[in-house]
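Numbering (my numbering), first residue to last: 1 to 391.
Using N, Cα and C, we set each Cβ at its ideal position, and we do this for glycine too.
Here is the structure we will look at.
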């Protein structure tokens, strides 16, 4: 089967968790507080096999207070289900979640109009028009819009088939090369010890493999693997994977760490990037502190503008340097999200171009260097990095 990671996105109480439960039979709200309050607080996970695909669902919280948890889960998804309640239409977190999906470079997805049993046909048609207008010019401009009701079951069969049709256009993740698994959850399993879970971004992991934990570089043995709740000997890119690790306590694991093939990667505290500021954000100033989200990790960063010291205007694309408070496994090509330091709100995002940029370089030269790198293919960029290396 082809493995596809599906993420939900949308406003609180628009039925993301109920939809995943109706599709898969799995309740992704696992915390006692979530069940008591009736809202998702942290990431939830489910799976479904349909039409030759093994879908791993990452269900995200919709409340604005838990956007940081949402960001820890959407970095590794292949396609998104944008969930919009028919009785409320587009709301603030619909917009913020969709901005995040666009900034992360997602290219595939669909829209689920939930709670369609609560509204009249005329109203539903108006909501479809509003949604189509909102998505115009985005990667979901021509995406399917499926009307569903998690309560009555209406549209669920069509949604599964549509999900498979969209998944057929998703390119496979690279199963060759180094393994890389950003950790989004860690816990203890009685009789087994520490377990780290996440979406395997690339490569493969086998039982008894040795993995390197970033940051820190600690090497750990894989005691066991599970994919979608079942034991396996090998996990491959594109699968939700649970890794049972030997020689480490669960207290030493945390969301935002990364398990990877040993001796391949190094963390960084500085990266040169291509950055897009959202049209609705305030101008971004030189040396502004921000929250940086990449993969499942979060840290504080300082913005260093390269093209001009004038504040970046709303909607602009620029090149900048990020100085990170904490070491981070951020590789060229990785996408990231930036949130304002205070008040907390998503203001933009971009792509890391160089995670080992020259420290002693003029701003104008650094900006010109990044412009050249944007036009280079992987081989030319590799040649550049090798020629700049001091070794």
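Query: For residue 59, tell me which candidate among 49, 87, 97, 32 has the shortest Cα-Cα distance.; Result: 97
Query: Opposite residue 205 in the DSSP bridges: which residues?; Result: 235
Query: If you check the beta carbons only, do residue 301 and residue 290 fall under 8 Å apart?; Result: yes
Query: Are residue 268 and residue 320 touching if we call contact CB-CB under 8 Å?; Result: no
Query: To the nearest angstrom, how far is the alpha carbon of residue 315 from that of residue 168?; Result: 33 Å
Query: Going by DSSP in three states, residue 136 sits in which element: helix, strand or coil?; Result: coil
Query: Are the CB atoms of residue 40 and residue 32 within a distance shorter than 8 Å?; Result: no
Query: Taking C-beta to C-beta, are residue 292 and residue 260 nearer than 8 Å?; Result: no
Query: Along the chain, where does the alpha helix (DSSP H) that runs through residue 161 open and close?; Result: 156-167
Query: So the candidates are 242, 216, 218; which of them puts its Cα closest to the Cα of residue 226?; Result: 242
Query: With a cut-off of 8 Å on the beta carbons, I'd call residue 24 and residue 17 a contact; round off their distance for me.; Result: The pair is not a contact, with the Cβ atoms about 11 Å apart (cut-off 8 Å).
Query: I need the straight-line Cα distance from residue 246 to residue 43, nearest angstrom please.; Result: 25 Å
Query: With DSSP collapsed to three states, give me the class of residue 454.; Result: With the chain covering only 1 through 391, there is no way to say anything about residue 454.
Query: Between which residues of its own chain and residue 21 is the CB-CB distance below 8 Å, once the five residues before and five after are set aside?; Result: 27, 28, 46, 150
Query: On the three-state DSSP scale, how would you describe residue 373?; Result: helix
Query: Taking contact to mean 3 or more Cβ pairs, one atom from each stretch, closer than 8 Å, check whether the segment 337-355 and the segment 274-282 are in contact.; Result: yes
Query: Could you please give the first and the last residue of the uninterrupted alpha helix (DSSP H) stretch that includes residue 116?; Result: From DSSP, residue 116 is part of no alpha helix (DSSP H); its letter is neither H nor E.
Query: Buried or exposed: which applies to residue 373, given that a residue is buried once 16 or more other Cβ atoms fall within 10 Å of its Cβ?; Result: buried
Query: Since residue 148 and residue 113 should fall inside the 8 Å C-beta cutoff, what is the C-beta to C-beta distance between them, to a whole number of angstroms?; Result: 7 Å
Query: For the ligand NAD, is there a heavy atom less than 7 Å away from the beta-carbon of residue 288?; Result: What this structure holds is no ligand at all, so the ligand NAD is not there to describe.
Query: Taking Cβ positions, are residue 332 and residue 364 nearer each other than 8 Å?; Result: no
Query: Check whether the segment 252-266 and the segment 304-314 touch, using three or more Cβ-Cβ pairs below 8 Å as the test.; Result: no
Query: Restricting to runs no shorter than 3 residues, where is the beta strand (DSSP E) found entirely within the segment 76-105?; Result: 79-85
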